[in-house]
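Just so you know, UniProt numbering puts 173 at position 173 of the sequence shown, and the rest follows in order with no gaps.
For every residue, glycine included, the Cβ atom is placed at its ideal position computed from N, Cα and C.
Model, not experiment: these values are computed from the prediction.
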Amino acid sequence: MVLQGSGMRQFLSGMAAAMVRAAKGGRDAAMRRGPVLWLTLSGMLLVAGIFGVTAMAVGGFRERTLANRERELENTVQLIARHFDQQFEDSDVVAAELIGQMHLPDITSPQMFRERMSGPEANRMLRSRISAVSYLGDVAIYDADGEIISWSRAQPLPKISISSRDYFRTFKTNPMSEPVLLESVRSFLIGKWTTVVARRLSLPDGTFVGVLVRRIDPDSYQRYFASVALAEGAAISLFDREGVMLARYPNVESMIGRSYKSAPLMQKVLTFGGQHTLRIKSPIDGTEKLGSAASLTHFPLVIVATNTMSSALADWRQQTGFMVTTATLSAAGIALILFLIIRQIIKQNGEAQQRLEAERLRLDTALNNMSQGLILYDADGYIVTCNRRYADMFGLSHDVIKPGCHIHEAMYHRKERDAFSGDVEAFCADVMRGVAEGKVATKTHQLPNGRAFQVINTPLAQGGWVATIEEITERRNLEQERDRNYTFLREIIDHIPSQITVKDARTRQYLLLNGVAEQLFGHSRQDIVGKTAFDIFPEASAARITEDDDSALKSSDGLFKDEHAWPMPGMGLRYITSTRIGIRDKAGEPRYLVHVIDDVTERRQAAEKIAHMAHYDALTDLPNRTLFREQIERELEKVAGGAQFALLYIDVDEFKGINDSLGHHVGDELLMAIAGRIRACLKPGDLIARLGGDEFAVIQTGIESSTDVLAFVTQIHEAIRRPYHCLGHQLSTDASIGIALAPQDGADLDQLIKNADLAMYGAKAEGRRTYRFFVPEMDASAKARLSLEQDLRQALVNGGFEIHYQPLVNLHSGVVSGCEALLRWRHPERGMVSPAEFIPIAEDTGLINEIGDWVLRTACNEAATWPAHVRLAVNVSPVQLKCDTLALRIAGALAASGLEPRRLELEITEAVLIRDDEAALSILHQLRSIGVRIALDDFGTGYSSLSYLKRFPFDKIKIDRCFVADIADAGGSPVIVQAVVNIASASNMTTVAEGVETEAQREMLRALGCTEMQGYLFSRPKPAAEVRELFGPGAAMPVAAVA
């Protein structure tokens, strides 16, 4: 109980007055106990008599209830027994008729019986008799050996023998046995427990010829038992005279076929016959039950019905409850009357004592239910009373804090227990002074351990005062935590980038908004809180806000989302997403409306930009391949109406060289200029796209013939061929154009694109700077290239490659100084395929890496067998140098073959340096660091620059055959060769001249200072076995094992 304010003062004043009155009443009155004791004893005897009579009545009613339930069970058992007696009598009649129709007197032997009864007439006889009486089940006839010879159900007959059955053996071995036997068995016919009624079949002379068996399905018993109205917990079972259960409802399969002969009820019925009813303990589940059993009059069967005692006594329990309730209410009424009489006597004999007890009870109740500590002082400062809570909250001794203790003593005790930290005398004087002035004083005390208490001193009219002490530590902590949380949440909300406002759902006044939301309003939050949208925004804007607020409050989930444009102060028109969330109270009424606004202008613009980038080229802002395909699809739809169009694939010639040599920024500027020139050639309805790299595509619409296309292609060529000024560079270029006409060259999108692409490659194959219309032979060429690619892959798998070696000869000593490994492909159908034909395919498909690894391993193994001064030169494709594991694989090949790294020479072309490929240069430096020599191949044939020689310290320069071919002729290239030799010598490089075929060339090269030569003058490329002969006798080393 927590009391505060004026209620506390009124309560304490009344409590103090009651304590004074109780003290006086205790001194003036005493209770006389005689009449009260007599009335109490009389009432107790009366109540005991009521409950005794009730107990006797309950016991008698229980016995009558059980007797009634026993009669009901007996009636049920009699009803079922008569039903089954009747059924079995009917079945006997049918069986007798069946036996009569068998004409047993006319049968002379068991064999004759078998033959007659196994025929179709016997089967029809069984069916006709059984079908007339549905509850009889099915009937089967067995011969003297127990084999089934006729059945009322199925044909052909199953192969079944009952020779193992007890009833059969009894019939066969005991002519004096009962003619009818009943047994519960697991049927051979249906595989379930069933009851069979077997009749002995004998000839007039007593010869046993077979058995007539009627099978009764337990399901028929259970259906009949289920039709009998039974109470909950009841069960009906059928037993034979040996106590074996034949059927039960509710069915429990595991119980069928078990013997319960030893059960008390079953023993009594089997021993004495007739009908018997007992209260038993179930042999099945051990529960207390009522059971009634009866034997059938004419058949060896017993019907047993049981019911649980719990179910049988259900009505008794209900009536017992009523009777006990009535007795209890009666006893309560008597007790109430006695109580009133006793109270009246007590009132008459001692009103003072009664008032004392009432006041004391009131005081105790108040004190014991207060959560505050309470202490009552008299006018002199002595404790009149206090509750335990006061002492417990400060850890004070109850032996000290008790009535009669003075306030000074109490406060000094608190100080000893560290429950007071001030000056005791000053505190007591202050309290007494306040009480004397009649003022209610409220103070908060803070203990050194952090606990806080609120003390209220309330003066009393009778003198003295009441002090209530409440610990407010948790409340103060909660208030401080609340303030911290509020500040924390406020800071979070203010730092959320979304604009957040909260409204009153009823008045629509703004209650809270964060700092970002102030931008939306253009006012400070102090100017917004307490106002509605109509006070802040123009009427049209305010009406829209109100309409969206209504939508949120009316929605089932209280949520409304929208995206729209909204004018922002100082920011113009912005796109925002607006999310409103309606918050309801416990009664389901709208309480608050939270509004979250996100400025999605940049995100929307970014999405639009992304959508544009998905369909347009970032460099030229032309449609990309995806959008262009859609445009072609639309144009193809028009073809069905008779329209024609041309698809042009345009590839900028020599763009790669410009891009690699001058930089991507110059290449990009050139592509944008070309795009602008092609776009200027278009007429309304024509379309252009950039497909990637240096490829463009154009759809020329509204054409009548190829003449229109040729004029258009000429216009594009003229536009592209005009000089360009790109970032300070004067450039010129041309284009290869492939043309496919629709619908002549394809009415399908992919086919048309493929044919235009093939035509463009046809133009490039013709030397570039031209155009080509698609012709079917181009498709055949592409297929041939694809076939060659597939053969190339197969050759790699099947070992179709060979390596030939061409010697390098020192021009001064004439000694073979090395050999260059040259790849050869012996095609099974085409013979030798030129490297110029298959190497580009290998580079395009990436097969060059696998082929290069094979060449390197094979050549290193071979070179390891050569003399130590003979080096191995292997060409490395620029594609191979794109793989960052090349150096590792080369090191592995050297290690596996045992070839010294200094004897391996890798030849690269200028293309690697032109691309400014730092990764490739890093690989070359790694190889150089382990001793592998690097040679610059075909120097002077491409974009040769002396700066390449500075970027990487090559070991050798190979002079291309184009400079060697005319070196001995007047006006040849000796000056160029001399310059290369001089540069190489100055840089500590050697030189090799390729394609030396005459003595004059060799002499000139020797005179110019060239180091080595390579060419047909000395030797053509040869297989490994032949090239070894060029090293001289005895110079070859043992063949190295292939790793």
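Beta-carbon proximity of residue i to residue j, cut-off 8 Å
{"i": "F645", "j": "E635", "result": "yes"}
{"i": "L648", "j": "I632", "result": "no"}
{"i": "T1011", "j": "L872", "result": "no"}
{"i": "T277", "j": "T308", "result": "no"}
{"i": "L511", "j": "D504", "result": "yes"}
{"i": "A331", "j": "I50", "result": "yes"}
{"i": "I848", "j": "V879", "result": "yes"}
{"i": "R214", "j": "F171", "result": "no"}
{"i": "L265", "j": "L104", "result": "no"}
{"i": "L238", "j": "I303", "result": "yes"}
{"i": "S259", "j": "V244", "result": "yes"}
{"i": "I739", "j": "Y771", "result": "yes"}
{"i": "Y249", "j": "A263", "result": "no"}
{"i": "I957", "j": "T998", "result": "no"}
{"i": "A891", "j": "I930", "result": "yes"}
{"i": "H729", "j": "V666", "result": "yes"}
{"i": "V964", "j": "A993", "result": "yes"}
{"i": "D960", "j": "F939", "result": "yes"}
{"i": "A565", "j": "Y575", "result": "yes"}
{"i": "V996", "j": "C819", "result": "no"}
{"i": "C860", "j": "A887", "result": "no"}
{"i": "M419", "j": "L447", "result": "The amino acid occupying residue 419 in the given sequence is Ala; Met does not appear at that position. Contact: yes."}
Beta-bridge partners of residue i, as assigned by DSSP
{"i": "Q499", "result": "I597"}
{"i": "G291", "result": "L278 and T306"}
{"i": "Q730", "result": "H725"}
{"i": "F712", "result": "Answer is none; F712 lacks a bridge partner."}
{"i": "K956", "result": "A935 and T990"}
{"i": "V139", "result": "R214"}
{"i": "P1023", "result": "H804"}
{"i": "E563", "result": "T577"}
{"i": "H827", "result": "G831"}
{"i": "C819", "result": "P807 and L872"}
{"i": "S736", "result": "D651"}
{"i": "Y249", "result": "I236"}
{"i": "residue 1055", "result": "Here the chain covers residues 1 to 1043 and nothing more, so residue 1055 does not appear."}
{"i": "E147", "result": "S161"}
{"i": "S459", "result": "Checking the sequence, you will find Pro at residue 459 rather than Ser. According to DSSP, P459 bridges with W465."}
Beta-carbon separation (whole angstroms), residue i vs residue j, contact threshold 8 Å
{"i": "D937", "j": "E907", "result": "4 Å"}
{"i": "E695", "j": "D651", "result": "5 Å"}
{"i": "V596", "j": "S661", "result": "Not quite, the Cβ-Cβ distance comes to about 56 Å (not below 8 Å), so this is no contact."}
{"i": "A864", "j": "L899", "result": "5 Å"}
{"i": "Q275", "j": "E74", "result": "6 Å"}
{"i": "C428", "j": "I407", "result": "5 Å"}
{"i": "P1021", "j": "H804", "result": "4 Å"}
Span of the alpha helix (DSSP H) around residue i
{"i": "P835", "result": "P835 to T845"}
{"i": "Q264", "result": "The question names Gln, but residue 264 is Pro in the sequence shown. Start and end: P264 to F272."}
{"i": "E635", "result": "R625 to V639"}
{"i": "Y761", "result": "L749 to A765"}
{"i": "H408", "result": "I407 to E416"}
{"i": "D549", "result": "E539 to K554"}
{"i": "M672", "result": "H664 to C681"}
{"i": "T444", "result": "Looking at the DSSP string, T444 is not in any alpha helix (DSSP H); the run it does join, the beta strand (DSSP E), is A441 to Q446."}
Endpoints, beta strand (DSSP E) assigned at residue i
{"i": "I383", "result": "I383 to C386"}
{"i": "Q926", "result": "From DSSP, Q926 is part of no beta strand (DSSP E) but of the alpha helix (DSSP H) over E918 to S929."}
{"i": "L201", "result": "W193 to S202"}
- Message: Does the structure place the stretch 612-627 close enough to the stretch 699-706 that three or more beta carbon pairs sit under 8 Å?
- Response: no
- Query: Quick one: any contact between the stretch 578-598 and the stretch 552-559, if contact means 3 or more CB pairs under 8 Å?
  - Reply: yes
- Message: Is it the case that the stretch 722-738 contacts the stretch 649-668, given that we only count it when at least three CB pairs across the two stretches are under 8 Å?
- Response: yes
- Would you call the stretch 373-388 and the stretch 448-467 touching, i.e. three or more CB-CB distances under 8 Å? yes
- Task: Taking 8 Å as the threshold, find out whether the stretch 540-552 comes into contact with the stretch 486-499 through three or more Cβ pairs.
- Result: no
- the stretch 39-58 touching the stretch 288-295, judged by at least three CB pairs closer than 8 Å: no
- Query: So, do the stretch 789-809 and the stretch 761-768 have three or more beta carbon pairs nearer to each other than 8 Å?
  - Reply: no
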